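Reading through the structure tokens given below for one structure.
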Amino acid sequence: MVDVQLLGPVELSTGGQAVEVGPPQRRTVMAALAVDVGRPVAVDVVIERVWGPHAPDGARGAVHAHVARIRRMCEQAAESAREPLLLVRRSGGYLLEARQEQVDVYRFRRLVDQGRAAASADPSRAVLLREALDLWHGEPLSGLNGEWAARMREAWRRQHQDAAVGWARAELRHGDPAAVIGPLTGLLGEYPLAEPLAEALMRALHETGRSAEALDCYAAVRKRLAEELGADTGPALRQLHQSILRGHRSASRHPETAPVPRRPEPRAVLRQTELPAQLPMAVRGFTGRDGELARLAAILASAEGESAAVVISAVSGMAGVGKTALAVHWARKVESAFPDGQLYVNLRGFDPQGSVVQPTEAVRGFLDALGVRPERVPPGLEAQVGLYRSLLTGRRMMVVLDNARDEEQVRPLLPGAVGCMALVTSRNRLTGLAATEGAHLLAVDPLTPAAARAVLAERLGAGRVAAEPAAVADVVTWCAGLPLALAVVSARAAAQPHRPLGTLADELREAGGRLDALDGGEESSQVRAVFSWSYSALSPAAARLFRLLALHPGPDLDRRAAAALAGVAPERVRPLLAELTGGHLLVEHAPGRYAFHDLLRVYAGELVTTYDDQWERRSALDRMMDHYLHSARAADILVTPQPNPVEAPAPRPGANPVEFGDYGRALAWLAAEHPVLLEIVRQPQPGFDGHVWRLVSVLTTFLDRHGYWQTLLTAGHQALVAAERESSPAGRAGAHRGLGLALDRLKCPEPAREHYLRALELFVAIGSEAGQARTHQHLSRMSGAQGNSGLALEHAYLSLEHYRRAGDQAGQAAALNHIGWRQAHLGEHLRALGHCEQALELARAAGDVDGQAHISDSLGYIHHQLGGYQQAVDRYRQAAELFHATGERHSEAACLICLGDSHRSAGQSDAAHAVWARALALTAELGLPHDDPLRAALRERNVS
Numbered sequence: 007m008v009d010v011q012l013l014g015p016v017e018l019s020t021g022g023q024a025v026e027v028g029p030p031q032r033r034t035v036m037a038a039l040a041v042d043v044g045r046p047v048a049v050d051v052v053i054e055r056v057w058g059p060h061a062p063d064g065a066r067g068a069v070h071a072h073v074a075r076i077r078r079m080c081e082q083a084a085e086s087a088r089e090p091l092l093l094v095r096r097s098g099g100y101l102l103e104a105r106q107e108q109v110d111v112y113r114f115r116r117l118v119d120q121g122r123a124a125a126s127a128d129p130s131r132a133v134l135l136r137e138a139l140d141l142w143h144g145e146p147l148s149g150l151n152g153e154w155a156a157r158m159r160e161a162w163r164r165q166h167q168d169a170a171v172g173w174a175r176a177e178l179r180h181g182d183p184a185a186v187i188g189p190l191t192g193l194l195g196e197y198p199l200a201e202p203l204a205e206a207l208m209r210a211l212h213e214t215g216r217s218a219e220a221l222d223c224y225a226a227v228r229k230r231l232a233e234e235l236g237a238d239t240g241p242a243l244r245q246l247h248q249s250i251l252r253g254h255r256s257a258s259r260h261p262e263t264a265p266v267p268r269r270p271e272p273r274a275v276l277r278q279t280e281l282p283a284q285l286p287m288a289v290r291g292f293t294g295r296d297g298e299l300a301r302l303a304a305i306l307a308s309a310e311g312e313s314a315a316v317v318i319s320a321v322s323g324m325a326g327v328g329k330t331a332l333a334v335h336w337a338r339k340v341e342s343a344f345p346d347g348q349l350y351v352n353l354r355g356f357d358p359q360g361s362v363v364q365p366t367e368a369v370r371g372f373l374d375a376l377g378v379r380p381e382r383v384p385p386g387l388e389a390q391v392g393l394y395r396s397l398l399t400g401r402r403m404m405v406v407l408d409n410a411r412d413e414e415q416v417r418p419l420l421p422g423a424v425g426c427m428a429l430v431t432s433r434n435r436l437t438g439l440a441a442t443e444g445a446h447l448l449a450v451d452p453l454t455p456a457a458a459r460a461v462l463a464e465r466l467g468a469g470r471v472a473a474e475p476a477a478v479a480d481v482v483t484w485c486a487g488l489p490l491a492l493a494v495v496s497a498r499a500a501a502q503p504h505r506p507l508g509t510l511a512d513e514l515r516e517a518g519g520r521l522d523a524l525d526g527g528e529e530s531s532q533v534r535a536v537f538s539w540s541y542s543a544l545s546p547a548a549a550r551l552f553r554l555l556a557l558h559p560g561p562d563l564d565r566r567a568a569a570a571l572a573g574v575a576p577e578r579v580r581p582l583l584a585e586l587t588g589g590h591l592l593v594e595h596a597p598g599r600y601a602f603h604d605l606l607r608v609y610a611g612e613l614v615t616t617y618d619d620q621w622e623r624r625s626a627l628d629r630m631m632d633h634y635l636h637s638a639r640a641a642d643i644l645v646t647p648q649p650n651p652v653e654a655p656a657p658r659p660g661a662n663p664v665e666f667g668d669y670g671r672a673l674a675w676l677a678a679e680h681p682v683l684l685e686i687v688r689q690p691q692p693g694f695d696g697h698v699w700r701l702v703s704v705l706t707t708f709l710d711r712h713g714y715w716q717t718l719l720t721a722g723h724q725a726l727v728a729a730e731r732e733s734s735p736a737g738r739a740g741a742h743r744g745l746g747l748a749l750d751r752l753k754c755p756e757p758a759r760e761h762y763l764r765a766l767e768l769f770v771a772i773g774s775e776a777g778q779a780r781t782h783q784h785l786s787r788m789s790g791a792q793g794n795s796g797l798a799l800e801h802a803y804l805s806l807e808h809y810r811r812a813g814d815q816a817g818q819a820a821a822l823n824h825i826g827w828r829q830a831h832l833g834e835h836l837r838a839l840g841h842c843e844q845a846l847e848l849a850r851a852a853g854d855v856d857g858q859a860h861i862s863d864s865l866g867y868i869h870h871q872l873g874g875y876q877q878a879v880d881r882y883r884q885a886a887e888l889f890h891a892t893g894e895r896h897s898e899a900a901c902l903i904c905l906g907d908s909h910r911s912a913g914q915s916d917a918a919h920a921v922w923a924r925a926l927a928l929t930a931e932l933g934l935p936h937d938d939p940l941r942a943a944l945r946e947r948n949v950s
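At position 846 of the sequence shown the residue is numbered 852 (this note's numbering), and the sequence of numbers has no breaks.
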């Protein structure tokens with residue numbers, strides 16, 4: 007028999023002999039087909055499972071090539087096997103033709119189901135569950151990356167945990183407690199918050215006369231739950247603890263009851279992703295910090311085995327001394343000690359423009375990096391911090407908090423989990439963290455002359471440095487021991503390898519003599535001389551770009567935005583950016599993303615006000631603002647089904663707005679650029695109020711869908727101020743709509759309604775049909791959520807009326823569907839049917855696939871309520887296929903549950919259980935928690 011192994015490395019095996027499948031990408035294709043053995047898998051689904059939502063252009067061809075190799079392996083293996091494994095082409099995809107028993111995941115599930123079905127007194131229960139556990143050969147899908155592999159891995163791990171608990175309980179019932187102690191100890195280390203595992207281990211220890219160890223186990227679990235989740239143990243574990251304390255031998259016998267509900271694990275709220283790896287790119291040629299690196303290594307070594315998270319604070323020192331370079335270099339050096347990834351945030355505590363990152367923004371960024379789905383992010387900083395710390399439970403992660411202003415900015419971001427480390431950098435000595443959090447303080451001083459010479463030797467070559475010791479001494483003096491200044495000087499010197507260093511030292515001395523001293527004293531003026539000297543070597547175009555970049559709000563920018571500031575075509579700005587990064591006057595901290603060091607931003611700001619007149623600066627700002635506004639608007643048009651009710655003037659020449667070819671590119675741009683757009687809103691430039699409120703308007707859908715409701719609320723207030731300053735009714739209307747939506751999502755319905763109604767008044771006054779339509783749509787949804795179906799229906803009709811006047815077919819379809827849905831829940835099924843069928847025609851005419859999916863789902867519900875079960879089956883099946891095509895897996899799972907209900911009502915019980923099984927597989931793939939409504943609905947149908 008040819009088998010497929012997924013519960014470990016992905017392999018084929020025949021006659022017990024493993025067959026190597028090939029590289030990770032091919033193994034992922036194999037796994038993507040094997041999980042649906044016996045069912046055709048569309049090529050698009052395979053592509054999504056291998057590459058995620060942003061597949062490369064050649065993905066389809068790569069899939070075909072991998073399939074061809076896998077097919078040949080299957081055919082070769084089948085020559086000596088009685089039960090072959092065939093890979094055949096089917097319409098639109100591929101089918102792995104085999105029995106489910108030939109895939110170890112399915113054998114595992116069958117054995118677990120048989121074990122659970124056996125009577126509690128039947129010894130076969132323990133045998134079957136043990137046999138299921140023996141199918142595991144390490145981490146499932148070992149070595150495979152990507153969101154889909156991570157989701158499946160996490161779902162199977164939960165099933166593994168449940169099976170282990172069931173096996174341990176079965177062994178305890180049949181009097182073999184010693185057999186489970188070793189395996190359970192290892193599993194509890196893997197799942198440290200799983201109370202059922204702890205309970206089974208405590209019973210086994212107590213039964214074998216090791217009651218003291220059982221009590222120690224309880225104390226350790228209780229401490230972990232308190233420290234990492236802020237919770238106490240459950241009632242079953244507490245009761246067992248008390249029984250052991252009283253010396254009851256019966257404590258070892260588990261009563262035959264329904265399974266104890268598991269505490270939802272923190273990872274259950276996750277949208278599974280690859281491990282976070284947020285560290286910036288490493289600094290080339292890092293040297294000269296042996297003492298500091300040794301100190302950090304000693305702190306890490308001394309922390310091993312401690313019961314608290316380690317905080318290294320006050321990697322502190324003056325600006326430009328190399329704190330970030332040190333932190334990033336060391337964090338990368340010890341990556342292997344933190345296998346669960348690295349989180350990084352630049353807190354911008356000393357940003358020249360005053361744009362400090364608030365803890366709310368930073369922790370939300372961490373939750374995104376950890377894969378938390380937007381709908382699972384709780385409102386409020388305290389709740390988000392609690393979730394963040396819970397997610398780090400059982401992980402070993404490095405958290406780098408760079409450029410912190412003070413202790414209060416840092417404290418909410420510190421991990422609380424054993425095995426995690428926080429590395430904080432700041433210009434201030436954060437002594438408060440040492441006093442209250444036990445932080446280790448490490449001061450970073452300017453480099454000694456010897457260390458500075460070593461840096462120059464590393465970058466320029468030891469021979470060149472040794473040949474001119476006097477010139478090198480002068481350069482070291484002018485650089486004041488600051489790695490930033492040394493990097494700037496060595497970059498220019500390296501670009502002129504035949505020029506004597508003495509000449510460069512003379513130029514530095516002259517540059518220093520032309521500059522006024524700064525308030526920072528001698529060191530600051532020396533560094534400013536280095537900047538001036540390097541700047542003077544730039545080409546005129548690069549020098550102009552360097553100055554104009556100071557007008558950008560930060561935190562970073564891409565090539566097209568730089569081109570807009572300079573007023574040149576994007577392809578012409580590429581060599582200018584290369585010139586600036588080559589001279590270390592700008593940093594490419596991530597591929598295609600550029601940022602200033604704070605000191606260089608200040609220096610560029612001095613230059614732009616000195617050498618560029620007000621007209622030049624205003625023109626650059628005009629182009630940049632238009633670039634961001636019109637790019638964001640183009641992205642919003644693709645992301646939002648209905649047109650934005652706010653119009654915008656045409657972009658100025660040179661703005662270079664981005665043109666997006668599809669939804670995915672638009673969404674990726676918004677994800678990358680929304681921090682910049684929000685900086686524009688937070689730091690409004692005089693004369694750009696119109697850009698501020700329009701940017702908030704086009705960002706509203708993105709912020710709403712991604713759960714940034716507190717951010718939307720803050721931005722809405724800023725938009726309202728800007729619109730009032732500009733006396734713009736349209737701006738005020740859009741701001742009130744955004745504020746209403748934010749408050750609605752934050753469960754503040756009354757103030758939300760006030761903003762919605764104010765927005766309606768203003769949209770009526772300016773005659774905006776689209777604005778009125780969308781606002782009524784919001785009011786309809788909010789009213790329905792509050793149980794007021796009558797008012798919800800009224801707003802839905804008004805929304806439809808305004809969408810018709812606006813000529814928006816997709817909007818009309820959405821409104822008609824909403825009307826039909828509300829009527830169906832009021833028992834008016836025939837009227838609902840008419841509205842939804844009309845909605846489906848409009849959605850098809852508009853090419854709105856997402857709308858067709860939701861409308862077909864509504865029609866399935868209506869036909870089911872009318873008793874037309876076969877018609878309901880047809881509509882639900884159509885909806886499920888459309889949800890699958892658009893990637894809305896949660897909606898697909900919900901639809902499949904309803905499809906199963908209609909099959910059952912039509913007397914098709916086998917078909918019902920088949921689609922419920924598909925729904926269950928989807929909930930596992932999505933990583934839905936145990937208490938999720940979809941999981942609960944499946945349990946009600948005896949599917950779990």
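Every residue gets a Cβ at the ideal spot worked out from N, C-alpha and C, and that includes glycine. Only a predicted model underlies this, so the values are computations on that prediction, with no experimental measurement involved.
When DSSP builds the beta bridges, which residues end up paired with residue i?
i: residue 322; result: 432 and 449
i: residue 625; result: Its beta-bridge partners do not exist; DSSP assigns none.
i: residue 99; result: 48 and 96
i: residue 20; result: 8 and 23
i: residue 350; result: 406
i: residue 15; result: 148
i: residue 283; result: 348
So, at 6 Å on beta carbons, what are the nonlocal neighbours of residue i in its own chain, with the 5 sequence-adjacent residues on each side left out?
i: residue 800; result: none
i: residue 751; result: 715
i: residue 809; result: 779, 817, 818 and 821
i: residue 848; result: 815, 818 and 819
i: residue 837; result: 829
i: residue 953; result: Nothing can be reported for residue 953: it is not among the residues displayed for the chain, which extend from 7 to 950.
By Cβ distance below 8 Å, which residues in the same chain neighbour residue i in space, the five residues on each side in sequence not counted?
i: residue 576; result: 565, 566, 569 and 662
i: residue 31; result: 56, 68 and 72
i: residue 342; result: none
So with Cβ pairs under 8 Å, would you call residue i a contact of chain B?
i: residue 30; result: Any reference to chain B falls outside this structure, which holds one protein chain only.
Grab me the residues of residue i's own chain with a C-beta within less than 7 Å of its C-beta, minus the 5 sequence neighbours each way, in chain order.
i: residue 434; result: 322 and 412
i: residue 707; result: 642, 645 and 646
State yes or no: is the C-beta of residue i within less than 8 Å of the C-beta of residue j?
i: residue 71; j: residue 18; result: no
i: residue 458; j: residue 485; result: yes
i: residue 110; j: residue 182; result: no
i: residue 349; j: residue 366; result: no
i: residue 177; j: residue 185; result: yes
i: residue 595; j: residue 287; result: yes
i: residue 138; j: residue 147; result: no
i: residue 466; j: residue 500; result: yes
i: residue 776; j: residue 812; result: yes
Inset, instruction - Within the segment 553-628, note down every full beta strand (DSSP E) run reaching 3 residues or more, in order along the chain. - result: Taken in chain order, the complete beta strand (DSSP E) segments of 3 residues or longer contained in the segment 553-628 are 593-596 and 599-601.
Legend entry - Every unbroken alpha helix (DSSP H) within the segment 110-183, with a cutoff of 4 residues, ordered by chain: Secondary structure in the segment 110-183: the alpha helix (DSSP H) runs of 4 residues or longer, each lying completely within the stretch, are 110-123, 130-139 and 153-179 in chain order.
Inset, instruction - Could you tell me whether the segment 55-75 touches the segment 117-136, using the rule of 3 or more Cβ pairs below 8 Å? - result: Between the segment 55-75 and the segment 117-136 there are fewer than three inter-stretch CB-CB distances shorter than 8 Å, so the stretches are not counted as touching.
Inset, instruction - Please determine if the segment 340-358 and the segment 404-420 are in contact, where contact requires at least 3 C-beta pairs separated by less than 8 Å. - result: yes
Inset, instruction - May I have a chain-ordered list of the alpha helix (DSSP H) segments no shorter than 4 residues that lie completely inside the segment 800-847? - result: 815-831
Inset, instruction - Taking 8 Å as the threshold, find out whether the segment 579-599 comes into contact with the segment 551-566 through three or more Cβ pairs. - result: yes
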